[in-house]
Amino acid sequence: MQVQDTEGADGSPWNNSSGCDEDRRPAQKEGKKSNVLPLWGNERTMNLNPLILTNIQSSHYFKVNLYELKTYHEVIDEIYYKVSHLEPWEKGSRKTAGQTGMCGGRFMQVRGVGAGGIVSTAYCLLYKLFTLRLTRKQLNGLINHPDSPYIRALGFMYIRYTQPPADLFTWYSDYLEDEEELDVKAGGGQTMKMGDILKQFLTKLEWFSTLFPRIPVPIQKDLELRLAERFPQQQMNARNAKPPITLNSHGKYGGKDGRKDNGNLTSRNQQPRHIPDSEAQWGEAERTSHWRARSDEDRKDRNREGRDRERDRLRERDRERVRERDRERDRHGKRSNSRDRSRRQRECRSRSRDRSYRDRSRDRHRDRDRHRDRRGSPYDYATELARERERQRRERE
Numbered sequence: 001m002q003v004q005d006t007e008g009a010d011g012s013p014w015n016n017s018s019g020c021d022e023d024r025r026p027a028q029k030e031g032k033k034s035n036v037l038p039l040w041g042n043e044r045t046m047n048l049n050p051l052i053l054t055n056i057q058s059s060h061y062f063k064v065n066l067y068e069l070k071t072y073h074e075v076i077d078e079i080y081y082k083v084s085h086l087e088p089w090e091k092g093s094r095k096t097a098g099q100t101g102m103c104g105g106r107f108m109q110v111r112g113v114g115a116g117g118i119v120s121t122a123y124c125l126l127y128k129l130f131t132l133r134l135t136r137k138q139l140n141g142l143i144n145h146p147d148s149p150y151i152r153a154l155g156f157m158y159i160r161y162t163q164p165p166a167d168l169f170t171w172y173s174d175y176l177e178d179e180e181e182l183d184v185k186a187g188g189g190q191t192m193k194m195g196d197i198l199k200q201f202l203t204k205l206e207w208f209s210t211l212f213p214r215i216p217v218p219i220q221k222d223l224e225l226r227l228a229e230r231f232p233q234q235q236m237n238a239r240n241a242k243p244p245i246t247l248n249s250h251g252k253y254g255g256k257d258g259r260k261d262n263g264n265l266t267s268r269n270q271q272p273r274h275i276p277d278s279e280a281q282w283g284e285a286e287r288t289s290h291w292r293a294r295s296d297e298d299r300k301d302r303n304r305e306g307r308d309r310e311r312d313r314l315r316e317r318d319r320e321r322v323r324e325r326d327r328e329r330d331r332h333g334k335r336s337n338s339r340d341r342s343r344r345q346r347e348c349r350s351r352s353r354d355r356s357y358r359d360r361s362r363d364r365h366r367d368r369d370r371h372r373d374r375r376g377s378p379y380d381y382a383t384e385l386a387r388e389r390e391r392q393r394r395e396r397e
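Residues 1 to 397 in UniProt numbering are what the sequence shown lists, from first letter to last.
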């Protein structure tokens, strides 16, 4: 097939082939595979970390800039011009040390960043490739692209996130000794060979501050066995030393505090130097011991004083509570005495009213009895007899 030197039909600077270099193309495998790539895992999230996926989908770069890119070649152009590292977050945007709460910390004060950070261009473009649903031919074009190692690296990351674990070694096997170098760290400072990156993709779950999809244990053991057969010397070195590249949860490498890249101390094989008597500072241990003893005594005294103050404070609080209860009891007693006096006065008035009522009632009964006695006396009978005789006389007349 003749390679075109002019621009492609879609206006991209890459030719309309898959953009692969003939020298880098692996040997043709026996049997023809389907051009449709299978997707392993979650077909909606690309098996990305939920925090990274949320920041990608809410970023202005993905929603506005990448939305305008509709073709595979336009996305390759964008990778060529915009990608400069392979971390999931931009430099300085995800500082987790010193955070308070979910969105604390002085680096979390950027509007729209939230609890994550500013997601990197590389991961936005990686997810954009996923939305295009690449074919096998397009993915081979990515991992064999001659113009930028970052185009190839994103192709290999696409394989790691979306392809079945059992197929990973088949995809990577022809590139495990690739010597092309690229800087994978945001801000620069960590150059790795493409083959070493792929070995880490196969053997490590961590990648800076995120995780790759988990590989089943039987497949992982098979991958390690294949790598041990192909690189026996590196496996021997790995048993005796730490891996050459160690990524922690914050994407930082070994190489600090006087350590080499392999994580061993620079003076690991050196014997400790004997200090002669002329250089020894006699009495230093005793002075240090006395100073520590004094410090311990002072600390104990301070603790004792603190405990005494706390005990006095608690005792004073208890005494105040007792005084408050006494005052409350006195107030209650005064109210009780006042209620008792009022009750006695009411009872006394009630008894006086009862006595007066009884006296008046007794007087009324006495007067009624007197009147009844007067009507039944002889004087009253004679008067009534005279009245009756007078009435009869008048009737006769």
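Ideal Cβ positions, reconstructed from N, Cα and C, are used throughout, including at glycine. Here the structure is a predicted model, which means the values were calculated and not measured.
- GLU181 is bridged by DSSP to LYS193.
- For SER58, the enclosing alpha helix (DSSP H) starts and ends at 50–58.
- TYR127 counts as buried, since no fewer than 16 other beta carbons sit within 10 angstroms of its beta carbon.
- About 7 Å separates the CB atoms of LEU132 and VAL75; that is less than 8 Å, so the two are in contact.
- LEU223 sits away from LEU176, with the two beta carbons spaced by 9 Å or more.
- In the three-state reduction of the DSSP assignment, GLU68 falls in the helix class, which pools H, G and I.
- For VAL217, the enclosing alpha helix (DSSP H) has its first and last residue at 217–230.
- GLU90 and LYS193 have their C-alpha atoms roughly 21 Å apart.
- Pairing SER361 with ARG344, the inter-Cα distance amounts to about 25 Å.
- By alpha-carbon distance to SER173, the top candidate from PRO164, LYS185, LEU198 is LEU198.
- For ILE79, the closest C-alpha among the options GLU180, SER148, ASN55, ASN47 is that of SER148.
- VAL322 carries a helical assignment under DSSP once its states are collapsed to helix, strand and coil.
- DSSP lists THR135 as the beta-bridge partner residues of VAL36.
- Looking at the DSSP output, TRP89 bridges to VAL119.
- Taken through DSSP and simplified to helix, strand or coil, THR383 comes out as helix.
- Taking C-beta atoms as the reference points, LEU168 and GLY155 fail to come closer than 9 Å.
- When the five nearest sequence neighbours on each side are left out, the beta carbons in the same chain lying within less than 7 Å of the beta carbon of GLY41 are those of ASN47, PRO213, in order along the chain.
- The continuous alpha helix (DSSP H) containing THR162 extends over residues 149–162.
- LEU211 is bridged by DSSP to GLU206.
- 9 Å or more divides the Cβ of LEU182 from the Cβ of TYR158.
- Between the beta-carbon of ILE118 and that of SER84 there is about 14 Å, and that puts the pair past the 8 Å contact cut.
- Counting only the Cα atoms, GLU179 lies some 21 Å from ALA186.
- In the assembly as shown, ASP196 is a buried residue. Its beta-carbon has 16 or more other beta-carbons within 10 Å.
- Taken through DSSP and simplified to helix, strand or coil, GLY187 comes out as coil.
- In this structure, the straight-line span from the alpha carbon of SER58 to that of ILE52 is close to 10 Å.
- Annotation for PHE169: the continuous alpha helix (DSSP H) segment containing it runs 168–172.
- Between LEU125 and LEU66, the C-beta gap is smaller than 9 Å, which places the two residues in contact.
- DSSP places PRO165 in the helix class (H, G or I) of the three-state scheme.
- Closest in C-alpha terms to LEU139, from the list TYR123, SER120, TRP171, comes TRP171.
- The alpha-carbon of THR191 is positioned some 11 Å away from that of LEU86.
- In the three-state reduction of the DSSP assignment, VAL83 falls in the coil class.
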